[in-house]
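A.B. asks:
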Amino acid sequence: VRFAVVLDGTVATAASQAAALAGFLCDGLSDGRGAAASEAHGELSGETFVFYADDRDKRRLVDLAPTRDVRLVKTTARRPDLMVDSLIAPVRGGGIELVLTAGGAAGAEVATRLACRARGAVLTGALSVAVGSEQLHGRRAVYSSHLIGRFALSARPWCVSIDASWSDGARDPGPELAPGHEILSDTDETRGSQVASIEDVELLEAPAANVLARSRFLVVAGYGAGSREGAERIARAARRMGADFGASRPVVMNSWAPLDRLIGVSGCRAAPVLCIVVGASGAPALHWGIERAAFVVALNPDEHAPIVANSDAAVLDDGLTVIEALAEIVRP
Amino acid sequence: VSATRQGADLARASGLRVLVCFKVTPDFEALRDADWRAAATRGAVETRYVRRVLNCFDESALELALRLAEALAQRGVAAELDALSIGGREVEPYLKTLLALGYERATRVPPAPEPGSADAGLAVAGTGAGADETDVAQAELDFTPGVVAAIVAAYAERVAHSDLIVLGWRSGPGDSGTVPFRVAETLDWPCLTQVTEVAPLGDRRLQVACTADDGPLRLTLRDPCVLAVGNAVVSRLRVPTLKDRLARRERPVEVLAAADLGVDIAALRRRETCRLTGLETIDRSRRGVVIEGPSPRAKARTLFSSCLRDILETL
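If you read the protein sequences in the order shown, they are chains A and B. Taking this note's numbering, I'd label the letters of the first sequence as residues 1 to 332. Taking this note's numbering, I'd label the letters of the second sequence as residues 1 to 315.
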């Protein structure tokens, strides 16, 4: 099977995309008989399409590529639709059967548009895929992450964007996958695009989101906080203990906490040593954001709330009262 | 045709035409762990008796569009709002509400021919699609985002002549998150995802805020675009006053068959290239040790001494 990896070097996340894609090639892709694809070397060959907007990034980006063979394409930043313009000819003409893109919205857009245009099949947010003789079998979250769905992709190219969780602790490309790079082509496709539909793109600061991703001690407020005041009391208790403060989607959507405090699907995926969840039921969307925590404590009066079974320790009581009592004991 | 228009300013002399699409879904929070385990074994989720809710991202989209129309009106620019949902009769109360709130048109496309509708033809006498068949058709559409996108794109192009399409970035049960991209691809438009705000910029352009994979962005839009709404702070659809409801009660919800839009649902479903073949449960359980004590304070003390003290020392 010939595959292509797409690396979007027009944004600052290129290194984590590359590490996640390399991890997926090692552990997420199998040959359908259960063997990791990297072990079944002979049957797989691939190249990486590295998109860049600035010539100065080229060298660094090539080094990130998880395959030896690299094709460089200069393009307009943040335009997955234009990246597909550059991919369509090589994918159709080069016999590429499987295209892998990074997790996140841009990767999903490239995979989806490419599948539409090349009349292939798309799987977004793939947890794993297995290459069969006729079909590609893949798994991804469905029903708002309550279940995992198994899918079969028929038409080729199979366009797959990987799940964002592949960025977790992703390692650098190993030598077996990146043994020095060979640049097969370098094309400038920026001139060809006369479209300028999106202008004045400006990246804004998101200070708290970065803090939460690196947090070692996290307190998360759920809808059980009951009000903005309740959420603020939990935030104050967190501060007293030297913990970072995050919030579930219902809390943020009620403006009880700022948007950059959001933990969960489409918010932050944290990996703290200790995570105390106050008054959240622990719906899958939130759980995705805390499941990497080494130790989870649930403070919730409802013994049937999923968070209780999904915690290491639980206190079945009013979360606000317990977290404030805890803040008097724990010192930073 | 507006759909392929490029390089022109967004709002034409006639105003900005905004199509907002929404989905009414089962409230998954109402299902228990045991229900999900049973669903995985059976290969299907039983949601007929679960209450319905607006997909949360679509709800943001509906309210964002109302606010955009108000902001444009303040600048003397007209905006025309269209609402579209693919669903059975259960979506009509939502469409009625949107008409009362000032949406110009509210349209429902049934997932299957309905008894009493023109396209059900002679099958009206009890042999047309009943509630159960509509449920089955709906469930089948959940995992065929290509069909949903074809209906949205055809409606935007043929009926609404939209300049802007606003919809939630994803919705359960399918969760593919691909509908906005497919619509944009069909119309040859760009797509912005995780949109959180949209506001007029001057008379002819829009300023959009969205959350990219590498952080929040702000940008300017001049051409038709698909906006896939993410975690917008504007998350609740306003409630119409009784006066609004009375003033607009005569406005009908339009029901349009997919075939009228040139979309052959059955043929598209047969051509689907990504099929759901099974379901698996996810085991998220941990030890779940319950800390006992006579009072919240006592429980906090036990929690600290039995678990937290050792962990906190390692930080």
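Cβ coordinates follow ideal geometry from the N, Cα and C atoms, glycine included.
Quick one: which residues of the segment 40-71 of chain B get their C-beta closer than 7 Å to a C-beta of chain A? List them in chain order.
C.D. replies: Listed in sequence order: 40 and 45.
A.B. asks: Give a yes or no on whether 7 Å exceeds the smallest Cβ distance from residue 319 of chain A to chain B.
C.D. replies: Numbered from its first residue, the first sequence carries residue 319 of chain A at position 319. Cβ-Cβ to chain B under 7 Å: no for residue 319 of chain A.
A.B. asks: Taking only beta-carbon atoms, is residue 165 of chain B less than 7 Å away from chain A?
C.D. replies: Working through the second sequence from its first residue, we reach residue 165 of chain B at position 165. Output row for residue 165 of chain B: interface = no.
A.B. asks: Pick helix, strand or coil for residue 173 of chain B, following the three-state DSSP scheme.
C.D. replies: Residue 173 of chain B sits at position 173 when you count from the first residue of the second sequence. Coil, per DSSP.
A.B. asks: Could you tell me the alpha carbon to alpha carbon distance between residue 136 of chain A and residue 27 of chain A, rounded to whole angstroms?
C.D. replies: Sequence index remark: in the first sequence, residue 136 of chain A carries index 136 (1-based). Sequence index remark: in the first sequence, residue 27 of chain A carries index 27 (1-based). Cα to Cα, the separation comes out at about 16 Å.
A.B. asks: Counting Cβ pairs closer than 8 Å, one from the segment 149-156 of chain B and one from the segment 123-133 of chain A, do we hit at least three?
C.D. replies: The segment 149-156 of chain B is not in contact with the segment 123-133 of chain A.
A.B. asks: For residue 143 of chain A, would you say it is in contact with chain B, using Cβ-to-Cβ distances shorter than 7 Å as the test?
C.D. replies: Locating residue 143 of chain A in the first sequence gives position 143, counting from the first residue. Output row for residue 143 of chain A: interface = yes.
A.B. asks: Cα separation between residue 251 of chain B and residue 92 of chain B?
C.D. replies: As a position in the second sequence, residue 251 of chain B is number 251, starting the count at 1. As a position in the second sequence, residue 92 of chain B is number 92, starting the count at 1. Roughly 12 Å separates the two Cα atoms.
A.B. asks: So, at 6 Å on beta carbons, what are the nonlocal neighbours of residue 78 of chain B in its own chain, with the 5 sequence-adjacent residues on each side left out?
C.D. replies: Here residue 78 of chain B is taken as the residue at index 78 of the second sequence, counted from 1. Excluding residues within five positions, the ones whose Cβ falls inside 6 Å are 15.
A.B. asks: Using the Cβ count rule (16 or more neighbours within 10 Å means buried), how would you classify residue 23 of chain B?
C.D. replies: Your numbering for residue 23 of chain B matches position 23 in the second sequence. Burial call: buried.
A.B. asks: Applying the criterion that 16 or more other CB atoms from any shown protein chain within 10 Å of the CB defines a buried residue, is residue 210 of chain A buried or exposed?
C.D. replies: As a position in the first sequence, residue 210 of chain A is number 210, starting the count at 1. With fewer than 16 other Cβ atoms within 10 Å, it is exposed.
A.B. asks: Check the C-beta distance from residue 87 of chain A over to residue 49 of chain A and give it rounded, since I have them as a contact under 8 Å.
C.D. replies: Locating residue 87 of chain A in the first sequence gives position 87, where the first residue counts as 1. Locating residue 49 of chain A in the first sequence gives position 49, where the first residue counts as 1. Going by Cβ atoms, the distance from residue 87 of chain A to residue 49 of chain A rounds to 6 Å, so yes, they are a contact pair.
A.B. asks: When DSSP labels each residue in this structure, what does residue 174 of chain A get in the three-state scheme?
C.D. replies: Start at 1 with the first residue of the first sequence, and residue 174 of chain A comes out as number 174. For residue 174 of chain A, the pLDDT reaches just 49, beneath the cut-off of 50, and the residue's location in the model is therefore unreliable, leaving the point undetermined.
A.B. asks: Are residue 210 of chain B and residue 201 of chain B closer than 7 Å when you measure CB to CB?
C.D. replies: For the purposes of this step, residue 210 of chain B is taken as residue 210 along the second sequence, with counting starting at 1. For the purposes of this step, residue 201 of chain B is taken as residue 201 along the second sequence, with counting starting at 1. Result no, Cβ atoms of residue 210 of chain B and residue 201 of chain B do not sit closer than 7 Å.
A.B. asks: Quick check: the segment 100-114 of chain B against the segment 254-269 of chain B, are at least 3 beta-carbon pairs closer than 8 Å?
C.D. replies: The answer is yes - the segment 100-114 of chain B touches the segment 254-269 of chain B, with three or more Cβ pairs under 8 Å.
A.B. asks: Any idea what DSSP makes of residue 127 of chain B, helix, strand or coil?
C.D. replies: Along the second sequence, read from residue 1 onward, the residue named residue 127 of chain B stands at position 127. Caution is warranted here: a pLDDT of 40 is assigned to residue 127 of chain B, below 50, making its placement in the model unreliable, and the coordinate value is therefore given only provisionally. Coil, per DSSP.
A.B. asks: Since residue 236 of chain B contacts residue 63 of chain B with CB under 8 Å, what's their CB separation in whole angstroms?
C.D. replies: For this step, residue 236 of chain B is matched to residue 236 along the second sequence. For this step, residue 63 of chain B is matched to residue 63 along the second sequence. Contact holds; Cβ gap of about 7 Å.
A.B. asks: What number of angstroms, rounded off, separates the C-alpha of residue 310 of chain A from the C-alpha of residue 29 of chain B?
C.D. replies: By 1-based counting over the first sequence, the position of residue 310 of chain A is 310. By 1-based counting over the second sequence, the position of residue 29 of chain B is 29. Whole-angstrom Cα-Cα distance: 16 Å.
A.B. asks: Which chain B residues are close to residue 231 of chain A, counting only those with a beta carbon under 7 Å from its beta carbon?
C.D. replies: Here residue 231 of chain A corresponds to residue number 231 of the first sequence, with the count starting at 1. Going along chain B, no residue has its Cβ under 7 Å from residue 231 of chain A, so there is no contact; the nearest lies around 14 Å.
A.B. asks: Are the Cβ atoms of residue 154 of chain A and residue 139 of chain A separated by less than 7 Å?
C.D. replies: On the first sequence, residue 154 of chain A is found 154 positions in, with the first residue counted as 1. On the first sequence, residue 139 of chain A is found 139 positions in, with the first residue counted as 1. Result no, Cβ atoms of residue 154 of chain A and residue 139 of chain A do not sit closer than 7 Å.
A.B. asks: Pull up the distance between the alpha-carbon of residue 314 of chain B and that of residue 216 of chain A, whole angstroms please.
C.D. replies: In the second sequence, the residue the question calls residue 314 of chain B occupies position 314. In the first sequence, the residue the question calls residue 216 of chain A occupies position 216. Between residue 314 of chain B and residue 216 of chain A, the C-alpha separation is close to 10 Å.
A.B. asks: For the alpha helix (DSSP H) holding residue 152 of chain B, just list the boundary residues, first then last.
C.D. replies: The residue you call residue 152 of chain B lines up with position 152 of the second sequence. Note, residue 152 of chain B: alpha helix (DSSP H), 145-154.
A.B. asks: Using a Cβ cut-off of 7 Å, pull out every chain A residue sitting near residue 287 of chain B, in sequence order please.
C.D. replies: In the second sequence, the residue the question calls residue 287 of chain B occupies position 287. Neighbours of residue 287 of chain B on chain A, chain order: 312.
A.B. asks: Give a yes or no on whether the minimum CB-CB distance between residue 162 of chain A and chain B is below 7 Å.
C.D. replies: Stepping through the first sequence from its first residue, residue 162 of chain A is reached at position 162. False, the Cβ-Cβ gap to chain B never drops below 7 Å.
A.B. asks: CA-CA distance, residue 41 of chain B and residue 135 of chain B?
C.D. replies: Taking the first residue of the second sequence as 1, we reach residue 41 of chain B at position 41. Taking the first residue of the second sequence as 1, we reach residue 135 of chain B at position 135. Cα-Cα distance, rounded: 20 Å.
A.B. asks: Quick check: residue 142 of chain A and residue 175 of chain B, are their CB atoms within less than 7 Å of each other?
C.D. replies: Within the first sequence, residue 142 of chain A is the residue found at index 142, counting from 1. Within the second sequence, residue 175 of chain B is the residue found at index 175, counting from 1. Yes. Within cutoff.
A.B. asks: Taking a cut of 7 Å between CB atoms, which residues from the segment 263-285 of chain B lie near chain A?
C.D. replies: From the segment 263-285 of chain B, only 273, 274, 275, 276, 277, 278, 279, 280, 281, 282, 284 and 285 have a Cβ closer than 7 Å to chain A.
A.B. asks: Could you give the residue range of the alpha helix (DSSP H) that holds residue 13 of chain A?
C.D. replies: The residue given as residue 13 of chain A occupies position 13 in the first sequence. Element bounds for residue 13 of chain A: n/a, residue is neither H nor E.
A.B. asks: What residue range does the beta strand (DSSP E) around residue 200 of chain A cover?
C.D. replies: Mapped onto the first sequence, residue 200 of chain A falls at position 200. Run containing residue 200 of chain A: 198-203, per the beta strand (DSSP E) assignment.
A.B. asks: Give every residue of the same chain whose Cβ lies closer than 6 Å to the Cβ of residue 221 of chain B, excluding the five residues on either side of it in the sequence, and list them in chain order.
C.D. replies: Within the second sequence, the letter at position 221 stands for residue 221 of chain B. Contacts found: 206 and 208.
A.B. asks: Any idea what DSSP makes of residue 202 of chain B, helix, strand or coil?
C.D. replies: Working through the second sequence from its first residue, we reach residue 202 of chain B at position 202. Three-state DSSP puts residue 202 of chain B in coil, outside helix and strand.
A.B. asks: In terms of residue numbering, what span does the beta strand (DSSP E) encompassing residue 17 of chain B cover?
C.D. replies: Numbered from its first residue, the second sequence carries residue 17 of chain B at position 17. Start and end: 16-22.
A.B. asks: Checking contacts by CB at 7 Å: is residue 22 of chain B closer than that to chain A?
C.D. replies: For the purposes of this step, residue 22 of chain B is identified with residue 22 of the second sequence, where counting begins at 1. So no, residue 22 of chain B is outside the interface.
A.B. asks: Does the separation of the CB atoms of residue 5 of chain A and residue 29 of chain A fall below 7 Å?
C.D. replies: As a first step, residue 5 of chain A is located in the first sequence; it is residue number 5 there, counting from the start. As a first step, residue 29 of chain A is located in the first sequence; it is residue number 29 there, counting from the start. Result no, Cβ atoms of residue 5 of chain A and residue 29 of chain A do not sit closer than 7 Å.
A.B. asks: Residues bridged to residue 256 of chain A by DSSP?
C.D. replies: The residue you call residue 256 of chain A lines up with position 256 of the first sequence. Residue 256 of chain A pairs with nothing; no bridge assigned.
A.B. asks: Tell me whether residue 246 of chain B is buried or exposed, calling it buried when 16 or more other Cβ atoms sit within 10 Å of its Cβ.
C.D. replies: Sequence index remark: in the second sequence, residue 246 of chain B carries index 246 (1-based). Answer is exposed; the Cβ neighbour count stays below 16.
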